[in-house]
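Protein chains in written order, with the numbering used here: chain A, 44 to 282; chain B, 1391 to 1592. Beta carbons: idealized from backbone N, C-alpha and C, even for Gly.
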Amino acid sequence: MSDFPLDERSILKQAFSATPGCLSLEHLRSYVETGPTPGSHVETCPHCQAEIRLMREFLQSEPSSEESLPVQWIAAELKRREQPIAPRKRFLLGSWLPDLRAISLLAASLLVTLGGAFYLQHQKDPRLPRDYRAGDDIMRSGLVATMPAGEFVHAPAEFTWEAAPGAARYVVHLMEVDHNEIWNTESTLTRVKMPPPLGATLAPGRSFLWQVDAFNGAGRKIGSSNLQKFHISANSAVR
Amino acid sequence: MEQLTDEELVRAYRERGGSPKGDAWLNELIQRYHSRVALWCFRLTGDREAAADLAQEVFLKVFRNLDSFRGDAKFSTWLYSITRNHCFNELKSRSTRPENTGDPILFDLPDGAEGIHSSLEREGASHLLRELLAASALDATETQVMTMHFAEELPLDAITRLLKLNNASGAKAYIVSAKRKLNRAVQRLKIRPGRFGTSWER
């Protein structure tokens, strides 16, 4: 049984816990600045008073001189761990699950090997796209995405590619390595600038994919480039 | 963006969620609270690495539950409730039961009995304590420490840091003094039965 007389611990727990009359945090918020009003439940309730003081600690307290450095370090660490792009899906995942990357790489290698073997065994004659119309140019490898590719210290400033015959405009797609699109834009030239706000959101230490599609004057897609990959160094000072 | 209120940033994010612009609103909002959550977590854990992990979990919860933020309360209150509940639950799950500190409060009731009789007695004793507390038997810090330790089951070292208690034995000293005061108040009531009219007294 208890080492306290009359299960003192559970009595104290009951005495200091919230009662049905206690206010929600939303309601207690109004007392943080003003303090309890005379005659109110809060004035005589130890639990509500404790909650108000805690909330005040959270909302108003500033770090002491000893706390300043650790707090700055934690805040910087939080910023570093964040992945600002599409945080709903991927926030913090990279830093939480380092083993997952290795597993993903292994799985990807296995898929490539199996896929390659399957492709070699089931090769078919090439087919035209279903929406092909006579006279359309069909490009298989004419469109080449050139830069950015490889390692970068800062977010690259622009995307460039080689012109495709018959192309009237191009659409550039920037993706994360899982092929989720982050951004796209259109250009009639063979280059397009990366908007600085977008560049600022590309987290250091991560890789990105990009690809360009070519469209003819009638708006029909006439080709897609190779998938190009670039990586921003982890110690980048871009942000 | 800096001029927008927290609630306006949430609204802007919801309107353009999923786009780089929408994510920028969200990042601005979250980064406003990095230091605040970091400080809270650091005081609770006393260790910067553990605090960073805890704070990270808090923000992950914020992202996952952002849809449930109704906007009729302040965002900072909503964030506080997530931070408070997550941190307390984590600490509770890691720590042992509240420490047996200070002299016991002598309720003078039978120990070890189970069932309705015992639970009524316990309820009566708790009710008595509540009345004593309402009558200002304890000072604000003692009340705070007792609530955090016995109701929230937080470890004493975490309470000491969170409340910035600078005395030598920190929260423990407040538990000892609070229990001593409560004990004295209970003994006085035994001499003058019926003053508070509790079921326990009867």
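Of B:Ala1541, B:Leu1546 and B:Ala1527, the smallest CA-CA separation from B:Arg1578 is found for B:Ala1527. Using a Cβ-Cβ distance cut-off of 8 Å, the region 51 to 65 of chain A and the region 1535 to 1549 of chain B are in contact, since at least three pairs of beta carbons, one from each stretch, lie closer than that value. Counting only runs that start and end inside the region 65 to 136 of chain A, there is no beta strand (DSSP E) element of at least 3 residues. Here the region 266 to 278 of chain A lies against the region 238 to 254 of chain A, with 3 or more beta-carbon pairs under 8 Å apart.
Note on A:Pro208: under 16 other CB atoms within 10 angstroms of its CB, so exposed under the neighbour-count rule. DSSP places A:Gln271 in the uninterrupted beta strand (DSSP E) bounded by Gln271 to Ile275. Collapsing the DSSP output to three states places B:Gln1393 in coil.
Across the structure, B:Leu1419 and A:Pro106 are spaced so that their CA atoms are roughly 20 Å apart. Under DSSP, A:Gln254 takes part in a beta bridge, and its partners are A:His216. Listed along the chain, the chain B residues whose CB falls inside 7 Å of the CB of A:Arg124 are Gln1446. Classified as exposed, A:His222 has fewer than 16 neighbouring CB atoms from the shown chains inside 10 Å of its CB. The beta carbon of B:Pro1410 falls within 8 Å of a beta carbon belonging to chain A, placing the residue at that interface.
For B:Met1536, the enclosing alpha helix (DSSP H) starts and ends at Ala1530 to Met1536. Taking A:Ile225 as reference, the option from B:Trp1468, B:Gly1412 and B:Ala1428 with the minimal CA-CA separation is B:Gly1412. By the Cβ-count criterion, B:Thr1435 is buried, with 16 or more other Cβ atoms from all chains shown falling within 10 Å of its own Cβ. Residue environment for B:Thr1467: buried (at least 16 other C-beta atoms within 10 angstroms of its C-beta). Just measuring C-alpha positions, the residue of A:Asn259, A:Glu201 and A:Ala211 sitting nearest A:Met190 is A:Glu201. Per DSSP, the unbroken alpha helix (DSSP H) holding B:Asn1479 starts and ends at Phe1465 to Arg1484. Counting the other CB atoms within 10 Å of its CB gives B:Ser1516 a total of 16 or more, which places it among the buried residues. For A:Gln103, the number of other beta carbons within 10 angstroms of its own is below 16, and it is reported as exposed.
The way I'd put it, the region 1466 to 1485 of chain B does touch the region 1446 to 1456 of chain B; three or more beta-carbon pairs between them come closer than 8 Å.
Residues are counted here when their Cβ sits less than 7 Å from a Cβ of chain B; for the region 57 to 82 of chain A these are Gln57, Ala58, Phe59, Ser60, Leu68, Glu69 and Arg72, given in chain order. The beta carbon of B:Gly1560 sits closer than 6 Å to the beta carbons of Thr1550 from its chain, once the five residues preceding and following it are set aside; these are given in chain order. Contact annotation, A:Thr233 with A:Glu205: C-beta distance approximately 7 Å; criterion of less than 8 Å satisfied. As computed with DSSP, A:Ala188 is found in a beta bridge with A:Trp204. Against chain B, the beta carbon of A:Phe101 has neighbours under 8 Å at Arg1426, Trp1430, Tyr1470, Thr1473 and Arg1474, listed in chain order.
Look at B:Thr1395: its C-beta is not under 8 Å from any C-beta on chain A. Closest in C-alpha terms to B:Gln1393, from the list B:Glu1405, B:Arg1422 and B:Arg1406, comes B:Arg1422.
Residue range Arg1438 to Asn1455 is occupied by the alpha helix (DSSP H) that includes B:Arg1438.
Taken through DSSP and simplified to helix, strand or coil, B:Asn1557 comes out as coil. Not a single CB atom of chain A sits nearer than 8 Å to the CB of B:Leu1544. Close to B:Ser1466, with beta-carbon spacing below 9 Å, are these residues of chain A in chain order: Arg72, Phe101 and Leu102. Counted as a single uninterrupted DSSP element, the beta strand (DSSP E) harbouring A:Gly266 occupies residues Lys264 to Ser267. A straight line joining the alpha-carbon of A:Ile265 with that of A:Val155 spans about 27 Å.
Contact with chain A is absent for B:Thr1435, since none of that chain's Cβ atoms lies less than 8 Å from the residue's Cβ. At a beta-carbon threshold of 9 Å, none of the residues of chain A lie near B:Ser1559; the nearest stands roughly 19 Å away.
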